[in-house]
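In UniProt numbering, the protein residues as written are 1 to 427. Even for Gly, the Cβ is constructed at its ideal location relative to N, Cα and C. Just so it is clear, the structure is predicted and the values come from calculations on it, not from any experiment. Data block below; observations after.
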Amino acid sequence: MKKLASAKPLVEVEPAIDSELPAPFWTRYGGWGARAQKYPIFSQTWFKYRVRSFVLPVATFLLLMSVSVFVMPPGMQCYMLANFLYLCVCIVYSLLIGRWLAVLVCKRKLTEKIKLVALIAVLVFGVASSFGIKRIGDRMEKEWWVEHLHEMDQDSIKYFEATQRGMNNSAVTGINLLFSIALFTWLGGALDFVAYFRQQRHMKEELVAKKVARYKQERNEAELRLSVLASQIEPHFLFNTLAGVRSAISSDPQMGVALIDNLVEYLRATIPQIREDGTCSQVKLTSQLQAIQAYLGVIKFRIPRMSFRVECDPALREQFIPPLMLISLVENAVKHGIELKKGPVHIDVIAEQKEIDAEPKLVLSVIDNGLGLAGVTTGTGIGLANIRERLMQLYGDQAALSLVERDEGGVCASIVMPLSDQSTLSL
Numbered sequence: 001m002k003k004l005a006s007a008k009p010l011v012e013v014e015p016a017i018d019s020e021l022p023a024p025f026w027t028r029y030g031g032w033g034a035r036a037q038k039y040p041i042f043s044q045t046w047f048k049y050r051v052r053s054f055v056l057p058v059a060t061f062l063l064l065m066s067v068s069v070f071v072m073p074p075g076m077q078c079y080m081l082a083n084f085l086y087l088c089v090c091i092v093y094s095l096l097i098g099r100w101l102a103v104l105v106c107k108r109k110l111t112e113k114i115k116l117v118a119l120i121a122v123l124v125f126g127v128a129s130s131f132g133i134k135r136i137g138d139r140m141e142k143e144w145w146v147e148h149l150h151e152m153d154q155d156s157i158k159y160f161e162a163t164q165r166g167m168n169n170s171a172v173t174g175i176n177l178l179f180s181i182a183l184f185t186w187l188g189g190a191l192d193f194v195a196y197f198r199q200q201r202h203m204k205e206e207l208v209a210k211k212v213a214r215y216k217q218e219r220n221e222a223e224l225r226l227s228v229l230a231s232q233i234e235p236h237f238l239f240n241t242l243a244g245v246r247s248a249i250s251s252d253p254q255m256g257v258a259l260i261d262n263l264v265e266y267l268r269a270t271i272p273q274i275r276e277d278g279t280c281s282q283v284k285l286t287s288q289l290q291a292i293q294a295y296l297g298v299i300k301f302r303i304p305r306m307s308f309r310v311e312c313d314p315a316l317r318e319q320f321i322p323p324l325m326l327i328s329l330v331e332n333a334v335k336h337g338i339e340l341k342k343g344p345v346h347i348d349v350i351a352e353q354k355e356i357d358a359e360p361k362l363v364l365s366v367i368d369n370g371l372g373l374a375g376v377t378t379g380t381g382i383g384l385a386n387i388r389e390r391l392m393q394l395y396g397d398q399a400a401l402s403l404v405e406r407d408e409g410g411v412c413a414s415i416v417m418p419l420s421d422q423s424t425l426s427l
């Protein structure tokens with residue numbers, strides 16, 4: 001008896017020290033600031049978490065500042081306490097006012113340009129008003145010193161004189177001014193403003209990527225349905241033709257040979273396109289016309305009362321068109337218009353160039369004198385729906401499929417599309 005190989009114990013592989021942690025880790029342990037990054041900047045939820053992220057650093061800073069109140073001389077403790085409270089108000093105001101106004105702006109349904117101007121305006125207002133509050137506080141501080149200077153001890157007076165000497169120094173004053181502007185710009189949300197535009201750009205790129213992915217998926221689905229439709233038609237057409245060949249061999253061998261020749265020409269033109277499984281987006285018009293010529297030649301043996309004509313300007317034969325579309329219209333005309341009508345029937349397949357809306361267009365028409373739209377509506381409409389969807393995917397509004405009932409009977413089915421030398425397909 002063979003011994004069973006012992007199973008190897010599972011080895012737990014620890015993540016590399018420099019590997020990125022999953023989102024739940026850094027959102028759970030990264031604090032309120034990390035949670036705010038999960039939401040659009042200047043949204044209400046973002047603002048809520050952003051405010052919470054300020055609480056700990058601001059509280060720590062103010063706690064350290066409050067220590068200075070107790071280490072100052074007794075005569076200055078009252079001044080330092082008032083200055084400390086004013087500093088609290090100034091910092092909180094600087095952190096909140098600009099961001100709160102930006103949230104209100106983003107809640108409004110504004111155009112991108114107006115929103116940009118509004119965001120800049122409210123953030124600049126927040127910085128300017130914070131700087132203004134600071135300047136008011138400096139003036140009030142100086143007035144307080146002038147008013148209470150005679151009550152101060154010698155150390156307090158020396159502190160005030162040193163402060164005044166610094167304020168009278170233009171270099172020191174300039175540095176303080178630049179530092180104050182930079183500080184209030186940072187506190188007022190300048191970095192959030194920059195991050196907002198980076199986030200918006202990335203969101204637009206992500207939206208475009210999703211649209212492209214959805215477009216490709218829809219295109220692939222349309223190509224798959226068209227390929228499936230073609231694969232459903234081919235066996236039906238092939239079996240009927242082979243049955244006709246078998247019948248013709250016994251009664252009219254020459255007709256059977258001609259029927260086989262037409263079938264071979266048809267298969268030679270269509271099988272390569274079906275093998276592509278919808279990945280070939282463009283084929284030459286001449287190959288489609290050859291397939292149609294062979295297809296109608298086969299049908300004529302089965303329906304001798306049918307006549308047909310395939311007409312195309314030689315200059316248009318090298319144009320590129322989507323595969324299987326034109327022949328699908330021909331098959332639709334035969335199935336729903338020609339076969340069901342008694343008496344002589346006729347099909348015209350015409351490729352021509354026309355001026356439509358002052359632009360040259362390629363017009364592919366299949367004209368029959370069959371039962372008209374009443375016969376067309378008896379079908380499932382899957383083929384026509386696929387053609388319309390495929391045209392929309394390839395050309396957008398520049399192409400269309402139309403069905404028009406003729407006064408003399410029958411239907412004119414037309415595909416209008418840009419000339420291939422003018423189209424800019426990159427599929």
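Consult DSSP for Glu318 and reduce its assignment to one of helix, strand or coil.
Of the three classes helix, strand and coil, the one that applies to Glu318 here is coil, per DSSP.
May I ask which residues mark the beginning and end of the beta strand (DSSP E) holding Gln282?
Gln282 -> no beta strand (DSSP E), and no H or E assigned at all.
Just list the residues that DSSP pairs Val349 with in beta bridges.
In DSSP, Val349 forms a bridge with Val310, Val366.
When we look at the beta-carbon of Phe70 and count the other beta-carbons within 10 Å, is it buried (16 or more) or exposed?
Burial call: exposed.
Could you give the first and the last residue of the continuous alpha helix (DSSP H) run that contains Leu329?
Its alpha helix (DSSP H) spans residues 325–333.
Taking Pro323 and Val283 to be in contact with their CB atoms under 8 Å, please state how far apart those CB atoms are, rounded to whole angstroms.
The Cβ separation is near 5 Å, so the contact holds.
Would you report the Cα separation of Gly337 and Asn386, rounded to the nearest angstrom?
Looking at the two C-alpha atoms, the distance is approximately 19 Å.
Cβ of Gly174 within 7 Å of Cβ of Leu123?
No, Cβ-Cβ distance for Gly174 and Leu123 is not below 7 Å.
Could you tell me the distance, in whole angstroms, from the CA atom of Thr241 to the CA atom of Leu263?
About 8 Å.
Using alpha carbons as the reference points, say which of Glu112, Glu221, Met140 lies closest to Arg201.
Nearest C-alpha to Arg201: Glu112.
Could you spell out where the beta strand (DSSP E) holding Asn413 opens and where it closes?
The question names Asn, yet the displayed sequence has Ala at residue 413. From DSSP, the beta strand (DSSP E) with Ala413 extends over 411–418.
Between which two residues does the alpha helix (DSSP H) carrying Ala36 extend?
First-last of the alpha helix (DSSP H) with Ala36: 31–36.
Near Cys90, what residues of its chain come up, given a Cβ to Cβ distance below 8 Å and the 5 sequence neighbours on each side ignored?
Excluding sequence neighbours, Cys90 sits near Ser130, Ile133, Lys134, Gly137.
Less than 8 Å between the CB atoms is what I'm expecting for Lys342 and Leu419, so what's the real figure, rounded?
That belief does not hold up - the Cβ atoms of Lys342 and Leu419 are roughly 40 Å apart, past 8 Å.
Taking buried to mean at least 16 other C-beta atoms within 10 Å of its own C-beta, is Lys335 buried or exposed?
Buried, by the Cβ-count rule.
Can you tell me where the beta strand (DSSP E) holding Ser402 begins and where it ends?
400–405 is the extent of the beta strand (DSSP E) around Ser402.
Taking 7 Å as the cut-off, decide whether the C-beta atoms of Ser365 and Ile350 are in contact.
Yes, the Cβ-Cβ distance between Ser365 and Ile350 is below 7 Å.
When you compare the CB positions of Arg50 and Ala36, do they come within less than 7 Å of one another, or not?
Result yes, Cβ atoms of Arg50 and Ala36 sit closer than 7 Å.
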